[in-house]
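Engineer: Below are the structure tokens for one structure; questions will follow.
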Amino acid sequence: MQLSNTSQRSVLAKGCDSHSGLQPIPLARQKPNCFESTNSVLSIEQLGRSPIQSLRRRLLSPVNAAADGASQTDDAEKKKLWMLAIKPPMYSVGFIPVLASWIEHFSPMSTFYLHVPLYVSVLAAILVIARLNLSNDAFDSDTGVDETKPESVVNLTGNKTLVLILANVLLVSGVGLLYYLFTATGDQRVLSMLGVAIACGYVYQGPPFRLSYKGLGEPLCFLAFGLMATPAFFLALQPTSGLTTALATISPLVWTCGLLVGMTTTAILFCAHFHQIEGDKAAGKISPLVRLGVEKGMQVLHGTVGVVYGTLVLCVALGYLPAPLLLSTALSVPMALNMLQFTRENRKAAEEVVIIGGCDFVPRARGHDYK
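Right under this line is the structure:
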């Protein structure tokens, strides 16, 4: 079959494409089954390619390439939102009290790797924190405070019941491991203090208490991680068991470490609300930052960082903490300064900030509401 010069250059799409107002489609990209008559149809053999090759050509056309690019962008956005929802760095607030308590007992690295209760404690802490993360999203969905929070697990899954079930499974698993620690030591204080810490996590956001909505979230955080979890893990990780462990005292060193852990953990929670002030106001959540505002909140954050490092120096000077701790603490100074610099530079645009993992700040993309 001979084609005219015009037909050889391009063929107009008819049939299924004719109503869409498309411009003439290059012959190499035309779909054979969309031509109307045999006068303008080229068979696959005449085109000189197989059906697979034809499909590949069509998928690689500019229009479809753009669509594939948009799909890949959507997938990347979803992955980013899931990372925001999971908050991997947040789990450090669970196992830092464990490691701080452990170091108070042991210094040789060989012992560090062989102590089974340490691994049990870390895993239990991570499970409880994961449960706290999921249940908070589920409870917040009831109040509407997370309606504009795309990284909420409930918003991502659309299934609050499933999120709560998973949260409860994690809680039961974590509590089971913590009970193992209690039975291994026989110290009633371990079970009591860890029970109070977990209870603080529930009344923080769970109904009917929702104490975080009354501005008590940060005090609860300080109590749970600093004054309860850290001393409890110190007792649970005693190198001996039985009567010796039950009669063990909590030294000033332990309480000092608990104080520092509580302050730093509370600072992380405080920072996580900078970008949620307007949403918290709308939902009736009176967080400290809602009361203070961005400017005063920034000043409180700066003061807290100063108090943490000042307390470290003072405790070393008084002999409560070992002097080498100052050297290791110096490693965290650049990160602290970076955080403070970020708050100074972005205090006028808190609404354009999102949180990565619950503690790291990145600018929110302009023009993107993540809804």
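If you count the sequence shown from 1, you need to add 25 to reach this note's numbering. Heads up, the beta-carbon is just placed ideally off N, CA and C, and yes, glycines get one too.
Just verifying my parser: in three-state terms, what is the DSSP assignment at Ser177?
Structural biologist: It is coil, neither helix nor strand.
Engineer: Sort Leu317, Thr208, Val179, Asn161 by Cα distance to Ser237 and report the nearest one.
Structural biologist: Of Leu317, Thr208, Val179, Asn161, the residue nearest in Cα terms is Asn161.
Engineer: Between Trp280 and chain C, is any beta-carbon pair separated by less than 8 Å?
Structural biologist: Among the protein chains of the structure shown there is no chain C, as only one such chain exists.
Engineer: Give, in chain order, every unbroken run of the alpha helix (DSSP H) that is at least 4 residues long and sits entirely within the region 221-265.
Structural biologist: Correct list: 242-246, 255-261.
Engineer: Excluding the five sequence neighbours on either side, which residues of its own chain have a C-beta within less than 7 Å of the C-beta of Gly183, listed in chain order?
Structural biologist: Here the set comprises nothing.
Engineer: Where Glu129 and Glu102 are concerned, what is the direct C-alpha to C-alpha distance, given to the nearest angstrom?
Structural biologist: Computed Cα separation, rounded: 43 Å.
Engineer: Applying the 10 Å Cβ sphere with the 16-neighbour rule, what's the burial state of Asn158?
Structural biologist: Its Cβ being crowded by 16 or more others within 10 Å, Asn158 is buried.
Engineer: Could you check which residue in Thr354, Leu181, Ala254 has the C-alpha nearest to that of Ala149?
Structural biologist: Closest option to Ala149, Cα to Cα, is Ala254.
Engineer: When burial is assigned at 16 or more other CB atoms within 10 Å of the CB, is Val338 buried or exposed?
Structural biologist: By the neighbour-count rule (16 or more Cβ atoms within 10 Å), Val338 is not buried but exposed.
Engineer: Report the rounded CA-to-CA distance for Leu124 versus Val341, giving the unit in angstroms.
Structural biologist: Distance between the alpha carbons of Leu124 and Val341: 19 Å.
Engineer: Could you give the uninterrupted runs of the alpha helix (DSSP H) lying entirely in the region 181-216, keeping only those of 4 residues or more?
Structural biologist: Entirely contained in the region 181-216, the alpha helix (DSSP H) runs reaching 4 residues are, in chain order, 185-210.
Engineer: Please list the terminal residues of the continuous alpha helix (DSSP H) segment that includes His298.
Structural biologist: Note, His298: premise wrong, no alpha helix (DSSP H); not H, not E.
Engineer: Classify Phe259: buried if its beta carbon has 16 or more other beta carbons within 10 angstroms, exposed otherwise.
Structural biologist: Classification of Phe259: buried, given that the 10 Å Cβ count is 16 or more.
Engineer: Quick one: grab the DSSP three-state call for Leu278.
Structural biologist: Helix, per DSSP.
Engineer: Considering Cα atoms alone, identify which of His140, Phe247, Gln263, Phe299 is closest to Thr281.
Structural biologist: Of the candidates His140, Phe247, Gln263, Phe299, the one whose C-alpha sits nearest the C-alpha of Thr281 is Phe247.
Engineer: Excluding the 5 residues preceding and the 5 following Val286 in the sequence, name in chain order all residues of the same chain whose CB lies nearer than 7 Å to its CB.
Structural biologist: Cβ within range, chain order: Ile121, Pro122, Ala125, Phe250, Gly251, Thr255.
Engineer: Which same chain residues, not among the five before or five after Tyr229, have their C-beta less than 7 Å away from its C-beta?
Structural biologist: Result list for Tyr229: Leu236, Ser237, Gly242, Leu245, in chain order.
Engineer: To the nearest angstrom, how far is it from the Cα of Ile302 to the Cα of Gly318?
Structural biologist: Near 8 Å, if we compare the C-alpha coordinates of Gly318 and Ile302.
Engineer: Count Cβ pairs between the region 175-182 and the region 288-306 that sit closer than 8 Å; are there 3 or more?
Structural biologist: No, because fewer than three Cβ pairs between the region 175-182 and the region 288-306 fall closer than 8 Å, the two stretches do not touch.
Engineer: Go ahead and label Leu362 buried or exposed: buried means 16 or more other beta carbons lie within 10 angstroms of its beta carbon, across all protein chains shown.
Structural biologist: With fewer than 16 other Cβ atoms within 10 Å, it is exposed.
Engineer: Which residue comes first and which comes last in the alpha helix (DSSP H) that contains Ser160?
Structural biologist: Where Ser160 is concerned, the enclosing alpha helix (DSSP H) stretches over 141-168.
Engineer: Go ahead and pull the three-state DSSP assignment for Asp171.
Structural biologist: Residue state, collapsed to three classes: coil.
Engineer: Using DSSP with H/G/I as helix, E/B as strand and the rest coil, what is Gly344?
Structural biologist: DSSP places Gly344 in coil when its eight states are reduced to three.
Engineer: Between the Cα of Pro114 and those of Lys239, Val141, Ile293, spot the shortest distance and give me the residue it belongs to.
Structural biologist: Here the closest residue by C-alpha is Ile293.
Engineer: Measure from the alpha carbon of Leu109 to the alpha carbon of each residue in Pro175, Asp99, Asp165, then state which is nearest.
Structural biologist: Considering only alpha carbons, the answer is Pro175.
Engineer: So Asn350 packs on Leu278, CB below 8 Å; how close in whole Å?
Structural biologist: Sequence check: residue 350 is Leu here, not Asn. Rounded, the Cβ-Cβ distance is 10 Å, inconsistent with contact.
Engineer: Going by C-alpha distance, which of Thr186, Asn193, Trp127 is nearest Arg156?
Structural biologist: Minimum Cα distance to Arg156 is reached at Asn193.
Engineer: Which whole-angstrom value is the C-beta distance of Gly240 and Ile311, which I expect to be below 8 Å?
Structural biologist: Contact flag correct, Cβ pair sits at about 5 Å.
Engineer: Please state whether DSSP places Ser126 in a helix, a strand or coil.
Structural biologist: In the structure shown, Ser126 sits in a helix (DSSP, three-state: H, G or I).
Engineer: Grab the span of the alpha helix (DSSP H) containing Ser353 for me, first residue to last.
Structural biologist: That run of the alpha helix (DSSP H) goes 349-355.
Engineer: Using alpha carbons as the reference points, say which of Leu206, Leu187, Phe164 lies closest to Val141.
Structural biologist: Here the closest residue by C-alpha is Leu206.
Engineer: Look at the alpha carbon of Leu195 and the alpha carbon of Glu370, and state the distance between them as a whole number of angstroms.
Structural biologist: If you take the alpha carbons of Leu195 and Glu370, they lie about 39 Å apart.
Engineer: Alpha carbon to alpha carbon, how far is Leu203 from Ile223?
Structural biologist: Whole-angstrom Cα-Cα distance: 11 Å.
Engineer: On a Cα-Cα basis, can you pick out the residue from Thr368, Tyr334, Gly344 that is closest to Leu356?
Structural biologist: The shortest C-alpha separation from Leu356 is found at Tyr334.
Engineer: Can you give the Cα-Cα distance for Lys104 and Lys185, rounded to whole angstroms?
Structural biologist: Lys104 and Lys185: Cα-Cα distance of roughly 20 Å.
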